[in-house]
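In our numbering, the protein residues as written are 13 to 501. For every residue, glycine included, the Cβ atom is placed at its ideal position computed from N, Cα and C. Being a predicted model, the structure only gives us computed values, none of them experimental. Presented below is the structure to which this report refers.
Structure, rendered in structure tokens:
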């Protein structure tokens, strides 16, 4: 019984130990499972956190990239805006230039637009871009040249020109008149741009740039073609010709008809050497260059300062250089009304290069014209000597004789027609000039004893002839001009 009880007790212990082992094992397994669960949970949290971090990083990166893209876009918009502004301004200037060209262009038969293909030297200049980044471009007419991208405007050249520089994004950087300049790339070309200009003066037309001369264009001729380097290529008398571009200007030479006042200096160049000083006014078709006008006179180019001219007719007084036809119209073929004598004074108003004046007759007045070139500023003064005794008349009553001139006497006066007129004792006396001598009258004879010899008429006594002495000389009025002991007396 006791033994059985022992066995029972022993069995209970064994079962108890077994239960304890099972419980311990179960606890250990549970702890392991929980640990793995925690590890899995932590891993999941870490993974989720990592994914969130990566998502955040991606979002930040995306935002940064978007910001960067936005900035680039803004820069691009700025550049595009600048280009658009350039295009708009160029378009406006181009339209203005075209309107101006349509209004001002003078057609010249032999100067027509270039047709036909360009030569190899005229072709695209794309190949002239080098590996160093420099580039050669034609800059089109009226482009806006700036001091910096979108900077202040330096100039808007009226014509295209060729420049070498570098491309910086939407801008072309180059040197203009010694300073750094920029122009929008949209205003540049690699092909030959069109160009129209007007000759500043007579120009040589060449077969090739700088080549053989094949002809000329005169001042103000229109040249229309394309720019090839520094030359304009155009059609000349059916052939290709070239003129140097810088010798052309944008607009035709401004011209106007003006009256140039008497006393004005005509010069070889502005402020240059004086060619002549006008005694009488003239009427000319002049070209305007700043404050100066230039025109052709006596086969020379003459310059006159603008303030010495006016567009309204001038009043004028002059004296006829010779016998002159008075005409009924201001025309070389106008009907002749009368023949006016040399020296006659004419007062009137200019009508072109003619002077309009009135001839008063007994019964009526007649408007007549003489050319300004027949007049001189001052009266024609002559000195004439009487070959013999001659009548002296009253000029205002020419048939009235008021005295005589003795042989050798002279008269100094103004030429009016057939007479020399001198004012003497309040009267205009006249002597018929065609019977007078232009040189003193020679005389020879014997001086009576005690005749004084004087240094001038009525002057100091140089000496005296004590006896009859043969003398010779020329009459000077009532005095005989001789040589006395080596002196004039």
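- The shortest C-alpha to C-alpha distance from residue 342 to any of 307, 360, 160 is the one to 360.
- Restricting attention to beta strand (DSSP E) runs no shorter than 3 residues, the stretch 292 to 344 encloses them at 294 to 301, 304 to 309, 312 to 317, 327 to 332, 336 to 339, ordered along the chain.
- In this structure residue 160 is exposed. Its beta-carbon is surrounded by fewer than 16 other beta-carbon atoms within 10 angstroms.
- In this structure, the straight-line span from the alpha carbon of residue 413 to that of residue 371 is close to 27 Å.
- DSSP places residue 257 in no beta strand (DSSP E); its state is neither H nor E.
- Annotation: the continuous beta strand (DSSP E) that includes residue 267 extends over 267 to 272.
- Assignment of beta-bridge partners to residue 285 by DSSP yields no partner.
- In this model, residue 432 and residue 339 are separated by some 26 Å (Cα to Cα).
- The Cβ neighbour count for residue 312, taken over all protein chains shown within 10 Å, is under 16; the residue is labelled exposed.
- Measuring C-alpha to C-alpha distances from residue 479 to each of 459, 391, 494 identifies 459 as the nearest.
- Under the Cβ criterion (8 Å, minimum of three pairs), the stretch 433 to 451 does not count as touching the stretch 463 to 478.
- 317 is the residue among 317, 463, 180 whose C-alpha sits nearest the C-alpha of residue 284.
- The stretch 353 to 413 contains, as complete beta strand (DSSP E) runs of 3+ residues, the segments 357 to 363, 366 to 372, 377 to 383, 393 to 398, 402 to 406 (chain order).
- The C-alpha of residue 267 lies about 31 Å from the C-alpha of residue 331.
- DSSP places residue 443 inside the beta strand (DSSP E), whose first and last residues are 439 to 444.
- Note on residue 183: 16 or more other CB atoms within 10 angstroms of its CB, so buried under the neighbour-count rule.
- Closest option to residue 437, judged by alpha-carbon separation, among 449, 319, 415, 454: 415.
- Residue 155 is positioned such that its CB atom lies no closer than 7 Å to that of residue 198.
- Taking the Cα positions, residue 227 is about 32 Å away from residue 176.
- Between the stretch 234 to 241 and the stretch 270 to 284 there are fewer than three inter-stretch CB-CB distances shorter than 8 Å, so the stretches are not counted as touching.
- For residue 230, the three-state secondary structure derived from DSSP is coil.
- The C-alpha of residue 499 is placed about 50 Å away from the C-alpha of residue 314.
- Within the same chain, and ignoring the five residues on either side of residue 214 in sequence, the residues whose Cβ sits closer than 7 Å to its Cβ are 228, 230, 231.
- Under the three-pair Cβ rule at 8 Å, the stretch 282 to 302 does not count as touching the stretch 185 to 205.
- The three-state secondary structure of residue 199, taken from DSSP, is helix.
- Residue 350 is bridged by DSSP to 338.
- The Cβ-Cβ distance between residue 393 and residue 426 falls below 7 Å.
- Pairing residue 276 with residue 320 gives a Cβ-Cβ distance under 7 Å.
- Taking 7 Å as the cut-off, the beta carbon of residue 205 is found closer than this to the beta carbon of residue 152.
- One Cα belongs to residue 246, the other to residue 254, and the distance between them is close to 6 Å.
- One alpha carbon belongs to residue 147, the other to residue 178, and they sit about 5 Å apart.
- In this structure residue 375 is exposed. Its beta-carbon is surrounded by fewer than 16 other beta-carbon atoms within 10 angstroms.
- Only residues of its own chain outside the window of five on either side were considered, and among them 476, 477 have a CB closer than 7 Å to the CB of residue 463, listed in chain order.
- Short of 7 Å from the beta carbon of residue 172, and not among the five residues preceding or following it, lie these beta carbons of its own chain, in chain order: 150, 151, 152, 153, 205, 207, 239.
- The Cβ atoms of residue 344 and residue 365 do not sit closer than 7 Å to each other.
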